[in-house]
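The structure under discussion appears below in the form of structure tokens.
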Amino acid sequence: MLQQPELQETSSIKSTQRVLKSLSTYRWTSLGALVSLLLLTIANAVTPQLFRWGIDEGISQKNLQIVLCSAAWMVVAAIARGVFNFGQSYLAEAVSQGVAYDLRNKIFSKIQNLSFSFHDQAQTSQLLTRVTSDIEQIRTFIGTSLIQVVGSLVTLVSIAVILLLMNWELALITLTSVPIAAWLMAQFVTRNNKLFRQVQEQLSDLNAILQENLLGIRVVKAFVRESTERSRYTTLNDGLVSANMKTISAIRNTFPLIFLLSNFVTLAVFGYGGAQVIGRRFSIGELVAFNSYLALILQPILLIGFAAPAIAQAAASAERVYEVVDAEVEIRDRPGAVPFDTCGGRITFENVSFRYPGATTETLKEVSFETKPNELIAVLGMTGSGKSTIMNLIPRFYDVTNGAVRIDGRDIASFTLKSLRSHIGIVFQETTLFSGTIRENIAYAKPNATLEQVIEVAKTAQMHDFISGLPNGYETIVGERGVGLSGGQKQRIAIARTLLTDYSILILDDSTSAVDAKTAAQIQAKLDGLMRQKACTTFVVAQRFSTVQNADRIFLMDKGRLVAQGTHDELMQTSPLYGVILESQVKPKEKNHPKLA
Ligand SMILES: Nc1ncnc2c1ncn2[C@@H]1O[C@H](COP(=O)(O)OP(=O)(O)OP(=O)(O)O)[C@@H](O)[C@H]1O
Ligand SMILES: [Mg+2]
4 MLQQPELQET SSIKSTQRVL KSLSTYRWTS LGALVSLLLL TIANAVTPQL FRWGIDEGIS
64 QKNLQIVLCS AAWMVVAAIA RGVFNFGQSY LAEAVSQGVA YDLRNKIFSK IQNLSFSFHD
124 QAQTSQLLTR VTSDIEQIRT FIGTSLIQVV GSLVTLVSIA VILLLMNWEL ALITLTSVPI
184 AAWLMAQFVT RNNKLFRQVQ EQLSDLNAIL QENLLGIRVV KAFVRESTER SRYTTLNDGL
244 VSANMKTISA IRNTFPLIFL LSNFVTLAVF GYGGAQVIGR RFSIGELVAF NSYLALILQP
304 ILLIGFAAPA IAQAAASAER VYEVVDAEVE IRDRPGAVPF DTCGGRITFE NVSFRYPGAT
364 TETLKEVSFE TKPNELIAVL GMTGSGKSTI MNLIPRFYDV TNGAVRIDGR DIASFTLKSL
424 RSHIGIVFQE TTLFSGTIRE NIAYAKPNAT LEQVIEVAKT AQMHDFISGL PNGYETIVGE
484 RGVGLSGGQK QRIAIARTLL TDYSILILDD STSAVDAKTA AQIQAKLDGL MRQKACTTFV
544 VAQRFSTVQN ADRIFLMDKG RLVAQGTHDE LMQTSPLYGV ILESQVKPKE KNHPKLA
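Sequential numbering from 4 applies to the sequence shown in this note's numbering.
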């Protein structure tokens, strides 16, 4: 989504504020980091005073005891600095890990909750970048940049006060350098902000190509596009390097100026302060101490300057992360939703029209039907006619645009999603398996199913013989997305996985399209009894003549409309389209079928 620049700025400020608010979960650790930081600043500020004391009271007065004593205190201060430095960075790091941990969990469970329509439109690589790189930016901001900025501000103010108290004339000379340095840093940041953002964007583009190629490596190889993909990646990689080099040269150009400024200040302090020492208005010890503070006062500005781009990046990242965290869950339980417990088998579509979110035309137009208990419905239609869309509406993956879907007379929107979906067994048109064993995949929805139960559904899906023939049987590991299995085998595991659930409505969307006709018929035969016994209604998006013939009724879809319904014989007589579709779409059961040969 394109945003107005000002809008973007305010929302990135808001997102940063939200990140800061999230620190309250870790308020004690954050407070510990802050206390360590203050103690560190004190230890830093004390050291030059010890120098002054050692020089003025010790060296000048030839008092060895004070010299040794101040030296000993300096050692103590150095140790304290080490301890508090460790303390502040350790605690800040701990807070940052906690915040990142919470954000990762939050975004992950949000991704789980978001509706199909969100995932239809979101890019996987974008989501991945948000969960990984963007959250990492936020973590770095909390763990490093934030403490740097707070520490720098505290140091800047406290040192300025000490300098003013020590010698206000010299202090004013010194402090003029602060706004100049701050201005130089601000220039650097505003001039290069775009550059920093560019680096980040280029990095995520590069990741997107990498991810796409990892997922689609087989397609890349099949189409012999390796060199094109390589050069696409190299071009972006070159861009990233040159953007990075630009930021480095910007840093090179600005920082010497600040160092030069600090040298001028040192000279001025040495000259003016030296004259005051000669005039006995300032002691040598004080001059040395003053000079040590100089190093401390320019350091914060440099640190803030270094932290600024990281903060800008983190703000942009926070905005992207909260965009997902705040994304509206379109499909959720309505107030007063009741659990869906029994199914009588009457599924009604009442003038259902449906348009996919973002689409301009309606995918379903005024579809109306009603099923009877224990009916087996075959849905038939040309590709793109809306068969899968009808199936998606029953478990409420999408809400209807107009009309209503009812089960036993009750609008499905009045049921809790969890209960509704756990009563619907669906085999998707596209099979997705997870990495793990075959047994784990089949028992995905019921992890504590016994091996016997797993074997039983595998037998129904005609997979048992194949699985038991494998050296590791049901414990065979399948790769990501089921690599190692054929298309038809994957489909059959998906069928077994669904059969193991407590479905009462069964939806099979083209689920045997990659299985050979004989096996499909065997599955069909096994399923038939099961469907009628366990399911109150079954929908099968038909690919085969045997399914159509077995069905109690056939729904014929055409361009989003339900154009005809009836038994095979009825439709053969009444619908010319039915004949056409049977011929063009449905795989013949037997070669001698006159219409299908
Ligand atoms: N997630 C989506 N977002 C937008 N439009 C979609 C989406 N899914 C499907 N469509 C569109 O809706 C129409 C119907 O798609 P659907 O998947 O229901 O067809 P189908 O009948 O199942 O086809 P097939 O036989 O090829 O599986 C198509 O024109 C398709 O472009
Ligand atoms: Mg489909």
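Heads up, the beta-carbon is just placed ideally off N, CA and C, and yes, glycines get one too.
All values derive from a computational prediction rather than experimental measurement.
Note to self: With a threshold of 7 Å (Cβ to nearest heavy atom), would Q494 be considered close to ligand 2?
What the structure shows: Every heavy atom of ligand 2 is 7 Å or more from the Cβ of Q494, so no.
Check: Any idea which residues DSSP pairs D512 with across the strands?
Finding: V544
Checklist line | Own chain partners of G482 with C-beta closer than 8 Å, once the 5 adjacent residues on each side are dropped | finding: Within the same chain, Cβ atoms closer than 8 Å to the Cβ of G482 are found at S438, the five residues on either side in sequence being excluded.
Next item on the list: Let me know if T386 comes out buried or exposed under the rule of 16 or more other beta-carbons within 10 Å of its beta-carbon.
Entry: exposed
Notebook entry, point to check: Is the closest heavy atom of ligand 1 to the C-beta of G387 under 7 Å?
Noted result: yes
Next item on the list: Taking only runs that begin and end inside the segment 35-89, name each unbroken alpha helix (DSSP H) of 4 or more residues, in chain order.
Entry: none
Notebook entry, point to check: Cβ-heavy atom distance between D123 and ligand 2 below 7 Å?
Noted result: no
Check: Nearest-angstrom Cα distance between M394 and E322?
Finding: 36 Å
Next item on the list: Report the rounded CA-to-CA distance for K594 versus D344, giving the unit in angstroms.
Entry: Residue placement at K594 cannot be trusted, given a pLDDT of 43 that sits under 50; the coordinates are not used to answer.
Checklist line | With 16 other Cβ atoms within 10 Å as the buried cut-off, status of N66 | finding: By the beta-carbon neighbour count (other beta carbons within 10 angstroms, threshold 16), N66 is exposed.
Next item on the list: Could you check the C-alpha separation between A271 and L178 for me, to the nearest Å?
Entry: 12 Å
Margin query: Closer than 7 Å between the C-beta and any heavy atom of ligand 2: which residues qualify, listed along the chain?
Written below: K390, S391, Q432, D512, D513 and V544
Check: Thinking just about the alpha-carbon of each residue, which of L306, L40 and L117 is nearest to the one in D329?
Finding: Here the closest residue by C-alpha is L117.
Margin query: If contacts are defined as beta-carbon pairs under 8 Å, then W264 and I162 qualify, I think. What distance do you get, rounded to the angstrom?
Written below: First, the amino acid is wrong: residue 264 is Leu here, not Trp. The Cβ separation is near 16 Å, so there is no contact.
Check: R484 and M466: beta carbons closer than 8 Å?
Finding: no
Checklist line | 8 Å Cβ cutoff met for D505 and L420 | finding: no
Next item on the list: Taking L206 as part of the alpha helix (DSSP H), name the residues at either end of that continuous run.
Entry: W171 to L218
Margin query: Cutting at 6 Å between CB atoms, please list the residues of its own chain near T50, excluding the five before and the five after it.
Written below: Cβ contact annotation for T50 (same chain, cutoff 6 Å, sequence separation greater than five): A80, in chain order.
Check: Given 8 Å as the limit, is there contact between the segment 27-44 and the segment 95-105, that is, 3 or more CB pairs closer than that?
Finding: Touching, per the Cβ criterion.
Next item on the list: Just the C-alpha distance for W610 and G277, rounded to the nearest angstrom, thanks.
Entry: Look at the range of the chain in this structure, 4 to 600, and you will see that residue 610 is not part of it.
Next item on the list: Examine ligand 1 and report whether any of its heavy atoms sits within less than 7 Å of the Cβ of G384.
Entry: yes
Notebook entry, point to check: For N444, which residues of its own chain have a beta-carbon under 8 Å away from its beta-carbon, when the five flanking residues on both sides are left out?
Noted result: L436, F437, V481, G485, I496 and R500
Check: If we count the other Cβ atoms within 10 Å of its Cβ and call it buried at 16 or more, is E478 buried or exposed?
Finding: exposed
Note to self: Using only the alpha-carbon positions, how far apart do G308 and G85 sit?
What the structure shows: 24 Å
Check: Hey, would you say the C-beta of Y236 is under 7 Å away from at least one heavy atom of ligand 1?
Finding: no
Note to self: I'd like to check one pair, M188 with I16: are the Cβ atoms closer than 8 Å?
What the structure shows: no
Notebook entry, point to check: If E215 sits next to S128, beta carbons under 8 Å apart, how far is it from one beta carbon to the other, in whole angstroms?
Noted result: 7 Å
Margin query: Looking at the strands, I want to know which residues DSSP matches up with A452.
Written below: Beta-bridge pairing links A452 to no other residue.
Notebook entry, point to check: Any idea if D137 is buried or exposed, counting beta-carbon neighbours within 10 angstroms, 16 or more meaning buried?
Noted result: buried
Check: Which whole-angstrom value is the C-beta distance of Q527 and T550, which I expect to be below 8 Å?
Finding: 6 Å
Next item on the list: Output the distance between the C-alpha atoms of V223 and S180, rounded to the nearest integer angstrom.
Entry: Taking the straight line from one Cα to the other gives about 58 Å.
Notebook entry, point to check: Going by alpha carbons, who is nearest to L574 out of G412, R556, R564 and A83?
Noted result: R556
Item checked: F285 versus I69: straight-line alpha-carbon distance, rounded -> 20 Å
Next item on the list: Give the range of the alpha helix (DSSP H) segment to which K529 is assigned.
Entry: A520 to K537 is the span of the alpha helix (DSSP H), which, as asked, contains K529.
Item checked: Proximity below 8 Å, CB of L173 to CB of F293 -> yes
Next item on the list: Answer yes or no: the CB of A362 versus the heavy atoms of ligand 1, is any distance below 7 Å?
Entry: yes
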